[in-house]
Amino acid sequence: MPSQKMKEYLDSHNIKYMSIRHSPAFTTQEVAQATHIHGHQMAKVVMLKINGELAMAVTAADRMVDIPGIMRAAGTSDVALADEKEFESRFEGVETGAMPPFGNLYGMDVYVDRTLSKNREIAFNAGSHTEVIRMSYQDFERLVQPRVYSPAHAEEPVPSTGR
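Residue numbers (my numbering): 2 to 164.
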């Protein structure tokens with residue numbers, strides 16, 4: 002069970018979190034609806050290649066990944082979307098499209114949208130299309146140490162409701 006590895010990792014770091022099981026959902030917006038989590042708190046992972054290396058871009062479900070913002074944060078113009086075939090073998094035991102935003106566990110950099118980083122909590126797929134983990138953004142940041150990027154047309158973040 003993919004989510005078990007995620008839970009063991011969080012438990013080993015004494016992280017408080019909530020596990021939410023839901024009916025199968027395959028887009029981040031569907032997951033947000035199934036779990037009653039606002040789209041601005043539900044994180045989605047988009048796989049990139051930056052200078053030929055795999056990396057994760059993490060943004061809210063209700064936003065698009067801003068490639069120019071990531072280019073600025075990475076200091077390179079060599080940023081492109083990764084093809085599924087390029088990354089699926091890196092996530093053993095994880096359902097494709099349900100990768101948790103913990104690139105540190107997979108040897109890759111993580112870039113987080115500044116608007117997502119302003120939330121008190123973050124929720125994300127736990128490695129399957131039927132379970133979500135919800136935890137504090139501060140704990141996520143402490144464990145993953147992502148690079149925060151500012152989207153080119155960043156709007157002020159929606160305040161977290163603590164839901």
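We put the beta carbon where it would ideally sit given N, CA and C, even for glycine. What you are looking at is a predicted structure, and each value in this text was computed from that prediction instead of being measured.
> Starting from R198 and walking both ways along the beta strand (DSSP E), at which residues does that stretch end?
Replying inline: Any answer about residue 198 is impossible in this case: the structure gives the chain only from 2 up to 164.
> Mapping DSSP to helix, strand and coil, what is S4?
Replying inline: As a working note, residue 4 is residue 3 in the sequence shown. Helix at S4.
> Comparing alpha-carbon positions, which option in V113, V149, G94 lies nearest S129?
Replying inline: As a first step, residue 129 must be located in the sequence shown, where it is residue number 128. Among V113, V149, G94, the Cα nearest to that of S129 belongs to G94.
> Would you say D110 faces chain D, with C-beta separation under 8 Å as the test?
Replying inline: The question asks about chain D, but that chain is absent: this structure has only one protein chain.
> Secondary structure at F27, three-state DSSP: helix, strand or coil?
Replying inline: Counting from 1 along the sequence shown, the entry for residue 27 is found at position 26. If DSSP states are grouped into helix, strand and coil, F27 belongs with coil.
>> Any contact between the region 2–15 and the region 108–117? By contact I mean 3 or more CB pairs, one from each, below 8 Å.
In response: no
> Shortest alpha-carbon distance to I51 belongs to which of A58, Q30, D79?
Replying inline: Counting from 1 along the sequence shown, the entry for residue 51 is found at position 50. When only C-alpha atoms are compared, the closest one is D79.
> Is it true that the CB of A35 sits closer than 8 Å to the CB of A26?
Replying inline: Position 25 of the sequence shown, counted from the start, is the residue given in the question as residue 26. Position 34 of the sequence shown, counted from the start, is the residue given in the question as residue 35. Against a cut-off of 8 Å, the Cβ pair of A35 and A26 comes out as a contact.
>> Does the contact criterion of 3 or more C-beta pairs under 8 Å hold for the region 111–122 versus the region 81–92?
In response: no
> Excluding the five sequence neighbours on either side, which residues of its own chain have a C-beta within less than 6 Å of the C-beta of H39, listed in chain order?
Replying inline: In the sequence shown, counting from the first residue as 1, residue 39 sits at position 38. Closer than 6 Å at the Cβ level, and outside the excluded window around H39, lies no residue.
> Could you check where the beta strand (DSSP E) with D114 kicks off and where it finishes?
Replying inline: Position 113 of the sequence shown, counted from the first residue, corresponds to residue 114. From DSSP, the beta strand (DSSP E) with D114 extends over 110–114.
>> Report the CB separation of T97 from R64 in whole angstroms; it is logged as a contact under 8 Å.
In response: On the sequence shown, position 96 is the one that residue 97 refers to. On the sequence shown, position 63 is the one that residue 64 refers to. Actually they are not in contact, since the Cβ atoms of T97 and R64 sit about 21 Å apart, beyond 8 Å.
>> Can you tell me whether N126 is buried or exposed? The criterion is at least 16 other CB atoms within 10 Å of its CB, across all chains shown.
In response: Translated into the one-based positions of the sequence shown, residue 126 becomes position 125. Buried, because 16 or more other Cβ atoms sit within 10 Å of the Cβ of N126.
>> Pop quiz: A99 and L49 are said to be a contact at Cβ under 8 Å. What is the actual Cβ separation, rounded to whole angstroms?
In response: The count along the sequence shown starts at 1 and reaches residue 99 at position 98. The count along the sequence shown starts at 1 and reaches residue 49 at position 48. Not quite, the Cβ-Cβ distance comes to about 17 Å (not below 8 Å), so this is no contact.
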